[in-house]
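Trainee: Start counting the sequence shown at 1; every next residue gets the next number (the UniProt record's numbering). Where a beta carbon is used, it is the ideal one built from N, C-alpha and C, also for glycine. Can you keep this structure in mind? I'll have questions shortly.
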Amino acid sequence: MEEILCIKYIRYAMNEKPFNLGMLADLIQLRKGSMLNDAQVAKILNEISRRIVRDKGPVVMDISGYSEKGFKRKLAVQALFGKIFYLSELPEFYSRESSLIIKEIFGVTDEDAVTLLLLLKNDVSHG
């Protein structure tokens, strides 16, 4: 039950709330309050990633040639990946002791993950 609530709230937060320090603090508090272990957190983040890729497709870094609608959709996928990856990099949220495979699910290289993470960190620190 707690896993389902966490999945729903994290998905809601990623899609509807501004990704800022307040939202991150809320998600960290949710994680601590839920008493979920790292394996459960990894399962939740992997499941959210799978749903995003199933619904919107994988991350595409070269978005030239897309229609305006496709361009916006691919930017949204990049942003969602960045948010989930950023969250997974926070030691207060996830300690990396379990099998988190979000880069593989989204089809993102290590280099692209770093690029997207740096862009998001800049947004979070200025937002």
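Going straight from the alpha carbon of I44 to that of E3, what length do you get?
Mentor: Taking the straight line from one Cα to the other gives about 7 Å.
Trainee: Cα separation between F81 and K32?
Mentor: Using only the alpha carbons, I get a separation of about 22 Å.
Trainee: Out of D123, I7, V108, which has the shortest C-alpha to C-alpha gap to D62?
Mentor: Among D123, I7, V108, the Cα nearest to that of D62 belongs to V108.
Trainee: Taking the alpha-carbon positions, what's the S49 to N37 distance?
Mentor: Straight-line Cα distance between these residues: approximately 19 Å.
Trainee: Under DSSP, the alpha helix (DSSP H) around N15 begins and ends at which residues?
Mentor: Start and end: 2-16.
Trainee: Hey, would you say F93 sits closer than 7 Å to V59, going by beta carbons?
Mentor: For F93 and V59, no; Cβs fall outside 7 Å.
Trainee: Quick one: grab the DSSP three-state call for T115.
Mentor: The answer is helix: DSSP assigns T115 an H, G or I state.
Trainee: Whether or not the region 113-121 and the region 71-85 are in contact is what I'm after, with contact meaning three or more pairs of Cβ atoms, one per stretch, closer than 8 Å; do they touch?
Mentor: A contact exists between the region 71-85 and the region 113-121.
Trainee: Report the three-state DSSP secondary structure of E47 (helix, strand or coil).
Mentor: DSSP places E47 in helix when its eight states are reduced to three.
Trainee: Just the Cα atoms here: how many angstroms apart are D26 and S88?
Mentor: Rounded to whole angstroms, D26 to S88 spans 14 Å at the Cα level.
Trainee: Please say whether L90 and A42 have beta carbons closer to each other than 7 Å?
Mentor: Contact: no.
Trainee: Answer with buried or exposed for N122, where buried requires no fewer than 16 other C-beta atoms within 10 angstroms of its C-beta.
Mentor: By the 10 Å Cβ count, N122 comes out exposed.
Trainee: Between the Cα of L5 and those of R73, M35, F19, D110, spot the shortest distance and give me the residue it belongs to.
Mentor: It is M35 whose Cα lies nearest to the Cα of L5.
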